[in-house]
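There are 2 protein chains.
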Amino acid sequence: METTTATPWLSAEQQRVWRAFLGGTTVLMDRLDRDLRAAHGLSMPEYEILVRLSEAPGRSIRMAELADAVAHSRSRVTHTIARLERENIVLRGQCSEDGRGVSAVLTDHGFSVLEAAAHTHVQGVHDYLIENADPADFEAMGRIMQGVIESLHGRKF
Amino acid sequence: METTTATPWLSAEQQRVWRAFLGGTTVLMDRLDRDLRAAHGLSMPEYEILVRLSEAPGRSIRMAELADAVAHSRSRVTHTIARLERENIVLRGQCSEDGRGVSAVLTDHGFSVLEAAAHTHVQGVHDYLIENADPADFEAMGRIMQGVIESLHGRKF
DNA sequence: AGTATGTAGTTGATCGTTCAACGAGATAGA
DNA sequence: TCTATCTCGTTGAACGATCAACTACATACT
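Those sequence lines, one after another, are chains E and Z.
Each residue of the first sequence is one higher than the one before, starting from 1 at the first, in my numbering.
Each residue of the second sequence is one higher than the one before, starting from 1001 at the first, in my numbering.
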């Protein structure tokens, strides 16, 4: 007789946690995004990209690498960088060593926008997430999400 | 002398956790969404709405209440329900007791779509998230996200 | 009753993301 | 060298979310 693998249903408790996760990430991301937009005209995805650029040598990263770092599609990064370029926050540079390569570079203006935005963002993360969280719980969440990344994103980040 | 409240910077460890959270939710949601779309033509937001409807008395919830339950704007819910209505998964009903009220109702066809989708979804949540997570860590994440919801979503969910 | 204010839900424009298709340069094999 | 095949990055169309404006009904006040 054949054994069909039954779908492993979630326990009531697991379901409760999963829903809290869904709802929590929704309101948290939404709020951080709104705060950033209101104060600096920057969306969360844009902000994340700028952070990566600011930390890279030469404040410059190749498009594909950038896409991988923030886990967005290449197309998405192309569009996002195009928008940021229009605002003079980043610029595109030809990549030496690879004729196809294009790298995004954070401008000085972009860097100062990011510096300002970082305050808003970090304050939000602190107030909405860290403030009322038990540090041990916070660590636990880190372990879990790190595991998720490793299993779904081919061991990156 | 005046004391300006300094931005409470994140520790290296907190930053590590926060980035894992950002990256993890991105790849996790993306994957769950893709699985659902590929197998049942349903997005995550759509799926969440159907779950709420399926649990409600009469498989029916008023638009505003639904919007609040999934933490989406009313406009967004209107559009989403409109799409689902086109596919005969939900239908709109006039709400008795309130002339303005409209309630979304899950159709029988919608219910069977949801039943099928639930297998895919739950399997995903299990495989990508729960499987390799320590149960205590998982509980910890639940506490944190519950706290986030309570502070940002006016104590709902 | 009549007016003002608030809430429910919708609409259409705009903006950001996804998707499929593409051009161009790199890489590997015959 | 020639020709696959792969990766890089872009493009434009389609789709979904956001936003401001709006209609219609409800509620509260006078």
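From the three backbone atoms N, C-alpha and C, an ideal C-beta is built for every residue, glycine too.
These figures come from a predicted structure and were not determined experimentally.
Neighbourhood of G147(E) in chain Z, by CB distance below 7 angstroms: N1132, A1133, in chain order.
For W1018(Z), the number of other beta carbons within 10 angstroms of its own is at least 16, and it is reported as buried. When C-beta distances to chain E are compared with 8 angstroms, the residues of the stretch 1023-1056 of chain Z below that value are G1023, G1024, T1025, T1026, V1027, L1028, M1029, D1030, R1031, E1048, in chain order. A residue is called buried when at least 16 other Cβ atoms come within 10 angstroms of its Cβ; G58(E) does not meet this threshold and is exposed.
I144(E) belongs to the set of residues whose beta carbon lies under 8 angstroms from a beta carbon in chain Z.
For D1137(Z), the number of other beta carbons within 10 angstroms of its own is at least 16, and it is reported as buried. With fewer than 16 other CB atoms across the displayed protein chains lying within 10 angstroms of its CB, S96(E) is exposed. DSSP, reduced to helix, strand and coil, places A56(E) outside both helices and strands of the structure shown, so it counts as coil. The CB of L1129(Z) comes closer than 7 angstroms to the CB of V148 in chain E, given here in chain order. Straight through space, the alpha carbons of Q14(E) and H1126(Z) are spaced by roughly 10 angstroms.
The beta carbon of A1067(Z) does not come within 8 angstroms of any beta carbon belonging to chain E, so the residue lies off that interface. Cβ atoms of S1060(Z) and S1103(Z) come within 8 angstroms of each other, at about 5 angstroms.
For H153(E), the neighbours in chain Z by C-beta distance under 9 angstroms run, in chain order, G1023, G1024, T1026, V1027. By the Cβ test, the stretch 129-147 of chain E is not in contact with the stretch 37-48 of chain E, since fewer than three Cβ pairs between them sit closer than 8 angstroms.
Between L50(E) and L10(E), the C-beta spacing is not below 8 angstroms. Less than 8 angstroms separates the beta-carbon of A117(E) from that of Y47(E). Using beta-carbon distances, L1010(Z) counts as an interface residue toward chain E, with a partner under 8 angstroms. Look at I61(E) here: in three-state DSSP terms it is strand.
Residue-level contact by beta carbon holds for T1007(Z) and chain E, with a gap shorter than 8 angstroms.
At a cut-off of 8 angstroms between beta carbons, R1016(Z) contacts chain E. The Cβ-Cβ distance between H1119(Z) and T107(E) does not fall below 8 angstroms. With respect to chain Z, the C-beta atom of E97(E) has no partner C-beta closer than 8 angstroms. In the DSSP assignment, L91(E) falls within the beta strand (DSSP E) that extends over 90-94.
The DSSP-derived three-state label of S1112(Z) is helix.
Nearest in C-alpha terms to D1030(Z), of all of L129(E), E55(E), E131(E), H72(E), is H72(E). Around the CB of H79(E), fewer than 16 other CB atoms lie within 10 Å, so the residue is classed as exposed.
Per DSSP, the unbroken alpha helix (DSSP H) holding V17(E) starts and ends at 12-40.
DSSP places L1129(Z) outside any alpha helix (DSSP H), giving it a letter other than H or E. Between L152(E) and L1028(Z), the gap from beta carbon to beta carbon is short of 8 angstroms. The straight-line gap separating the alpha-carbon atoms of L1032(Z) and V1105(Z) is approximately 25 angstroms. Assignment of S103(E) by DSSP, reduced to helix, strand and coil, places it in the strand class. Taking the CA atoms as reference points, N1088(Z) sits about 35 angstroms from V77(E). DSSP places H153(E) in the coil class of the three-state scheme, outside both helix and strand. Counting the other Cβ atoms within 10 Å of the Cβ of H1121(Z) gives 16 or more, which makes it buried.
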